[in-house]
Structures are given as structure tokens and as C-alpha cells.
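Contents: one structure, followed by commentary.
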Amino acid sequence: MLLEGWGRYPQLNSEVLTPATPDQLNELVRGRAGLIARGNGRAYGDAAIGARSSLSAVKLDRMRGFDPQTHVLTAEAGVLLSDILDTFVPRGFFVPVVPGTKYVTLGGMIASDVHGKNHHRDGGFGAFLQSLKLVLPNGEVWNCSPHENPDVFYATIGGMGLTGVIAEASIKLKPIETAYIRQATTVAPDLASALKALDDADEATYSVAWIDCLAGGALLGRSLIYAGEHASRAEVEEARVNGELLAKAKASRLSVPLDLPSWTLNKASVKAFNEVYFRKGSRKGDAPAVVHYNPYFFPLDGVSQWNRIYGVRGFLQHQCVVPPNNAHAVLSEILERFARSGRASFLAVLKKLGKANGLMSFPMPGYTLALDVQVRDDIFALLDEIDELVTRAGGRLYLAKDARQSPATFQAGYPGLAEFQEIRRRLGVEGKIASKLSERLGI
Amino acid sequence: MSTAQKTLLLIGATSDIGHATAQAFAGAGWTILLAARNPEGAQRNRDDIAARSGAEVSTHRLDVLDTEGFEGFIDGLPALPDAVVCVVGEMGDQQQAQGDLAHAAKVIRTNFEGPALLLGALAERFLRRGHGTIVGVSSVAGDRGRGSNYVYGAAKAGFTAFLSGLRNRLAPTGVQVITVKPGFVRTRMTEGMKLPPLLTAEPGEVGAAILAAVSSQKGDVLYVRKLWRPVMMAIGAIPEPIFKKLRL
Ligand SMILES: Cc1cc2nc3c(=O)[nH]c(=O)nc-3n(C[C@H](O)[C@H](O)[C@H](O)COP(=O)(O)OP(=O)(O)OC[C@H]3O[C@@H](n4cnc5c(N)ncnc54)[C@H](O)[C@@H]3O)c2cc1C
Ligand SMILES: NC(=O)c1ccc[n+]([C@@H]2O[C@H](COP(=O)([O-])OP(=O)(O)OC[C@H]3O[C@@H](n4cnc5c(N)ncnc54)[C@H](OP(=O)(O)O)[C@@H]3O)[C@@H](O)[C@H]2O)c1
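Top to bottom, those sequences are chains A and B. Quick note: the first sequence uses this note's numbering, first residue 282, plus one each step. Quick note: the second sequence uses this note's numbering, first residue 301, plus one each step.
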């Protein structure tokens, strides 16, 4: 059947296999060629589309055990982050790294070594991973951890499913007093101030900046910076929040019914940005707000299927990371080119990243910038030019968002590739475990 | 008696509805006994429930076609449960059942004979003790036989009648009997079928509805999506000369 990622581009043919039990998973993987694991399909491009078949983990959604002493949760790879949060927030635990959507699977979070708003301080999802079980086409099941088969463990973290199928994994949860985040918002009038504000927020647990891409000239990079901490019981009580201290997320009802033109989202988001920007800008030293974790971390999840907003041809997300040394110059140039093209989203996300956890993980110390771009015939050349800037700066692109980068850009950005290929050879997965992404990039 | 000490026996632990039901009870602090014929599947669900809730959950082997083993099965449980929910069932293949008597018999025995005899045996124990709640998951398919699934429907009709009679007999006692007619539920039984959204429940809704009915000790016949009650009344009101000509 035709499969697509969150960006709905590209749409490619791949047979979908959906094991209902761990035993069926082993049977379906054995002896197969051209297979890739698929989680909840939130990678934007072709990472979760199998060269021939795609093995959906969505029914492998059982938890295996939770140890209240060590806070370690073991679960099958198809368990959703939303499910873990709904189950464990009321028990006083949070997931130590969360991406911008909660509709991702445990396996997907490992395979992309997802980063959250705390990457600068805590590292990626892989930093909290205790162990995993990897199923191989030769019928073997490998237990991997920092102590057992460590090279395979670190190749699987951020390995985009290309070392085998993760059947289950153990992750250490983080104790919390409340389900709330104490959020402080500051404004930055230009890119230099935005980068500095992120540096100043090094000690904050969570930090992220939203850039207004319509502002140019002296205002280029005008941003809102959101810093956040898990709120204590006392802080939540003082803020007189309604409801339970450890309240789980409310179900959302909004959904995008049709393929809407993209300006609807763009206009609404820019309007909201400007409102906050001018309010915050005029009142220095606003008291931090106490907000529930769900809108804080997952604002876009409030509208299901918002990816339809970009229309039937779909969209791309361009997410790069560049090292700190001349980040300012490179990011300015990138923002300017996008602005000049008039093809990108009106808002971009800027975030500071720390060390990589896995051999092929996306993060590296530096700054990451992400924007959405509607698919049009004239967009690809522009993106190639921007990739060139990223490569020259010593940066790279996030494979979980990618649908179009060239093999050369990829190879320049991922120095761990040779060792990764060596490990794939040793596991006997070459040609057996393959996605449309790995075929496109020559992995 | 506080919920902390209450025990649920769930018969059919590998069913999607059953798992969601056990999950709901465990979340409310019940101790759970899971019965199933497939030990690996039961163990997988046991671990899931225990990890999520921290509840005490054990597994017990049972095939509802093995009626001779029922008394021994009940004796072998760690304790006589406070409530039992039976979700065992099998839709079968109507076309096959028309010519293959063994298949038809299996559908009838799985949906009617096994569950009815087992719940009947538990009812006697509950009666002797003086209290207990019995929940049988039947189906709207038993409300009126239709050409497309009347073997299954007839078995469910038998089960519904059995529960109705049991409830009638035990009404003056401390034993409560609840019949659940879930309507359409998105589970592996209905996988791949096109189901009307308003009439289709998620397994979790069924579990929550059963927990609510058992905890409040109210409810005799439970339709999960309320719309099913008028729908089934309307279907029941169609005169037979017309009904028999409909392709249902
Ligand atoms: C709105 C939105 C916001 C996002 N925000 C962030 C963010 O802040 N930070 C971030 O890092 N990412 C972010 N992402 C990307 C997303 O977190 C990743 O793409 C994630 O991998 C998706 O998980 P999934 O379960 O949907 O996996 P899929 O998209 O189905 O698969 C992603 C990759 O994981 C592999 N995979 C999945 N399951 C397994 C398994 N069981 N075994 C082996 N490999 C497997 C696939 O082969 C594929 O390569 C965002 C995505 C969206 C849509
Ligand atoms: N889904 C619906 O739309 C719907 C609608 C109305 C009523 N129902 C009823 O709801 C109940 C649960 O169904 P479901 O949707 O959750 O489907 P399901 O997942 O297929 O559940 C059926 C269960 O019955 C078990 N079972 C079958 N034969 C058995 C036997 N001889 N001994 C022990 N267990 C046996 C199965 O065990 P195995 O795993 O070992 O096969 C399975 O756990 C059924 O009674 C069904 O008729 C369902």
C-alpha cells in the first residue's frame, strides 16, 4: 500500500506487516529482505517506509514491568509516549526526554534518539535508555545495553531502525511532584539576542525559541524564548491551578477535516506569536506562568491531523544543526534565504543542543533550526543551497525530518557512517533491513 | 469492604475487551485473576496490567470448552472472587457453520454452553457466600437472529436468556447479574470491518462501563453506547414478514 510520513511527502509503496504479539514479530522478521520497522509514522519523510515491507509496531503496545525503586519502565516498542504519560504522570513520573508530539512510539523515540527542550542539559532519549531487545532477520534476538553489545546499543540509538527491529526497551523515568511546568517567557529582538538568551538559559531544564520569520533586516531572528522547569507542589498550589497536582492530559477534540491551504495555520500562528511578543516586550519581568505539561510540550497535538493544513502535495520540514562557532552567520543566512523565497512557514524553532548519544544521532553541540516548507517544484533547489551552507558550517540534517537531502550532504554530516555500516555488516542486516531513506542515501 | 481487598476474575484475558476491563478494575485498586486458554498471551497482559497499575495480577489456565474442569478450576483459585466478568466468545464463520456441524457446535459451545455453565457454577458459590457480581458479555446479535450470523447470534441469545433467568432467580439475594451488550467494539474480532462510528465503542469504554456498573451495584442490561437501545428496539419492532425479507 502507499505509505507516507507526517509530511505526506513522499508517498511510496510498501507492504505493511502488523504483528499482534512478540512471537509474531520474530516470525515476520525472520528471513525477510527490504524490511524496516515503523512506529507511529511521525517521522516526516521516508524513514519509516520499508524498501519492500514496513513492520508496524503499533500492536506491540504492552508494558512489561515497572520498578518503583529504580523507576525503570520496560515496555514493548509500540507503546505510545502519550500512553506512558497518561499512565505514569498520575503516579508521579515523567518521561525524561519528550519530542514536540506525544504520538510517537518508544521504538521511534529510540531509533531517532529524539531530543527535547532539555537536550542542552540532559542529552537525548538514548541517555536514559537502559537496554533494548533487537530482532534480526537471521532469527537472532540481541540484548543490548551500555554493558552488553554496547556498539550495537549505541548504533541502534539514532540508527533509524537500520540495525534491526527493536522489540522492547527499558527506560528510566523521572520523578515529578506535579504535572505542571513553570514557564518563563522572554523576548529577543534579533538573532544574536536569541542565541544569547538560549546560552543564558543553559541552567534551565527546558528551553526553546520561536523565531518570527517575517521579521527581516535589523529585526532578523526576532524571537520568543521559553524556559521551563517542572513546577513544585508549592508553586502549583500558589498558582491556584484547578484540578489535581498530577492531572493527566485532557483528550483533545479538534481535528483538521480537509486539506486546508497553508496560510490558515501560518496566519493564526503568527498572530498568536505577535500577541505574546508585544505583551511580553512591553512588560518586563512578568511572573512565570504555571502551565500543564500537555500544552507546554505538545501544543500542536491539540489539533489532530494538522499536517493536512499544507494541502495534498504535503510538506517538508528542514531541520539542521550547526556548531556554535559561527552559528550566528550561518543561521542568519539561512533565515534570510527562506524569507526571500517566501515559501517557508512564518515561524521557526531554534534550540540549543548538547552531545550526541548514539553513533548516528542527529544532535551535536550547537544550535538547531527547523522550519516547514510546502512542497512545490521550485523548493528543492533552494533547500539544496541551504544544505550547502549547513555542510560548510560542519552541521547536518535530522534524518527523522528528511525526505530529500543528497547522499553527499548526508555523508558529510554523519562521520559515524563507516562504523555504522561495519556494525550492520556484522549483524547481517545489509539489504535485509532497508528503508526508502536508506536506499535514497546509500546506507 | 474496601476496594483494596476486592478481587476480579476475568475470563478471557487475551480478549481486547477483557484486557481493557481488567485494566480498568486494576486501576481502581482491584486484585485481578486472569483466566485464559493461552498462557503466553495471558502472561503478556498480566505484565501490562501490573506495570501500569501496580496491582496484584495472577494468571490461571482455563478452556471454556472443558466444562468438566470448571469445578476444579474454581477450587484452584487463590480465593473466590468478588466479581467475575466473562468475555469469552467467538464469532466463527456463518457460512462454514451452515455445513460444518463441528464448527457450528464450537461457536455455540464457546458463546453459550461454556460461559453459561461456568458463570452458573460461580453463581452457586456466590450464593452460598451471600454476595458477588456476575457479568456476562453477550451481544446485540442475540436480540434477533439474522441471516448473516445466526449461529453466533443464537448462541448469544441463549447466553442472554441464561443470564436473564439467573438474574431473575437471584434478584432477592446479594448476587447481582449483569448482561453486557457492547454493540460494535473496535477489537481483533471486528478488525477490517467497516463500522459506524457512533455505534462503535473502544475497548476502554466497555471496560469503564463494566467497572462503573459493578462498583455502583446498579445495572441489569448494559448497552455501552446508549444509541444501541433504540436501534435494537426498532429492529425488534420490524414485523417478521418484512424482517425475513431484509438482507441483514
Ligand atoms: C509535530 C512533531 C514534532 C516533533 N518534534 C520533535 C522534537 O522535538 N524532537 C525530535 O527529536 N523529534 C521530533 N519529531 C520527530 C519524531 O519524534 C520522530 O520522527 C520519531 O522517531 C517518530 O516516532 P514514531 O513512533 O512515529 O516513528 P516512525 O515515524 O514510524 O519511525 C521513525 C524511525 O524510527 C524507526 N523505528 C520506529 N519503530 C522502530 C522499532 N520498533 N524498531 C526499530 N526502529 C524503529 C523507523 O524505522 C524510522 O526510521 C517531531 C515530529 C512531529 C510530527
Ligand atoms: N468486538 C465486538 O464488536 C463485539 C460486539 C459484541 C460482543 N462482543 C463480545 O465481546 C467478547 C469479547 O470479544 P472481543 O471483541 O474482545 O474479541 P476477542 O479479542 O476475539 O476475544 C475473544 C476471547 O475469547 C477467548 N476464547 C475463545 N474460545 C475460548 C475458549 N474455548 N476458552 C477460553 N477462551 C476462549 C479468546 O481467547 P484466545 O486469545 O485464546 O483465542 C479471546 O480472549 C466476546 O464474547 C464477543 O462475542 C464483541
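In this text, a Cβ means the ideal position worked out from N, Cα and C, and glycines have one as well. The model shown is predicted, which means the values in this text are computed figures rather than measured ones.
### Query
Is DSSP giving A/M344 helix, strand or coil here?
strand
### Task
Quick one: list the residues of chain A neighbouring B/G341, beta-carbon separation under 8 Å, in chain order.
T302
### Near-chain A residues of the segment 318–350 of chain B (beta-carbon distance less than 8 Å), N- to C-terminal order
E340, G341, R344, N345, D347, D348, A350
### Query
Along the chain, where does the alpha helix (DSSP H) that runs through A/I667 open and close?
660–673
### Query
Whole-angstrom Cβ separation of A/L612 and A/Y648, contact assumed at under 8 Å?
7 Å
### Query
Can you pull the DSSP bridge partners for A/A473?
Looking at the DSSP assignment, A/A473 forms no beta bridge with any residue, so it has no partner.
### Query
Quick one: Cα of A/Q702 to Cα of A/I724, how far?
7 Å
### Buried/exposed call for A/N575, threshold 16 Cβ in 10 Å
buried
#### Entry: Cα-Cα separation between A/G381 and B/G329, rounded to whole angstroms
33 Å
### Coil, strand or helix - B/F543 by DSSP
helix
### Query
Should B/L548 and B/R525 be called a contact, given that it needs their Cβ atoms to be closer than 8 Å?
no
### Message
Is there a Cβ of chain B sitting closer than 8 Å to that of A/G346, yes or no?
### Response
yes
#### Entry: Anticipated Cβ contact below 8 Å, A/V378 with A/N399, distance rounded
7 Å
### Message
With a threshold of 7 Å (Cβ to nearest heavy atom), would A/T302 be considered close to ligand 1?
### Response
no
### Query
Quick one: what does DSSP say B/T303 is sitting in, helix, strand or coil?
Residue placement at B/T303 is poorly supported in this model, since its pLDDT is 49, which falls under 50; the coordinates still yield a value, given next. Helix, per DSSP.
### Message
Helix, strand or coil for A/H401? Go by DSSP, reduced to three states.
### Response
helix
### Query
Per DSSP, what kind of secondary structure is A/Q292 in: helix, strand or coil?
coil
### Message
Nearer than 7 Å: is that true of the beta carbon of B/T479 relative to any heavy atom of ligand 1?
### Response
no
### Task
Give the range of the beta strand (DSSP E) segment to which A/F596 is assigned.
596–603
### Query
Is the CB of A/T368 under 8 Å away from at least one CB in chain B?
yes
### Task
With a threshold of 16 other CB atoms inside 10 Å of the CB of A/N638, please say whether the residue is buried or exposed.
buried
### Nearest residue (CA-CA) to B/R344, options A/D342, A/A332, A/R313
A/D342
### Query
Is it the case that the Cβ atoms of A/A490 and A/S504 are separated by a distance below 8 Å?
yes
### Task
Given a cut-off of 8 Å, decide if A/G288 and A/A684 are closer than it, judged by their beta-carbon atoms.
yes
### Message
Out of A/R705, A/E711, A/S719, A/S716, which one is the CA nearest neighbour of A/V433?
### Response
A/R705
### Query
When we look at the beta-carbon of A/Q586 and count the other beta-carbons within 10 Å, is it buried (16 or more) or exposed?
exposed
### A/N424 - DSSP class collapsed to helix/strand/coil
strand
### Query
Do you know offhand how far B/T473's Cα is from B/H431's?
8 Å
### Query
Which residues, taken in chain order from the segment 469–493 of chain B, show a beta carbon closer than 8 Å to some beta carbon of chain A?
R488
### Query
Is the segment 673–690 of chain A in contact with the segment 317–334 of chain A, if contact means three or more CB pairs nearer than 8 Å?
yes
### Task
Let me know the beta strand (DSSP E) ranges lying completely inside the segment 393–459 of chain B, each 3 residues or longer, listed in chain order.
432–437
### Message
Extract the residue ranges of the alpha helix (DSSP H) inside the segment 428–453 of chain A, only unbroken runs of 4 or more that lie entirely within it.
### Response
431–437
### Query
Beta carbon of B/L522, beta carbon of B/A509: below 8 Å?
yes
### Query
By Cβ distance below 8 Å, which residues in the same chain neighbour A/P604 in space, the five residues on each side in sequence not counted?
M645, P646, G647, A674, G675, G676
#### Entry: Three-state secondary structure (DSSP) of A/P456
strand
### Message
Would A/G404 and A/K636 qualify as a contact pair, given that the criterion is a beta-carbon distance under 8 Å?
### Response
yes
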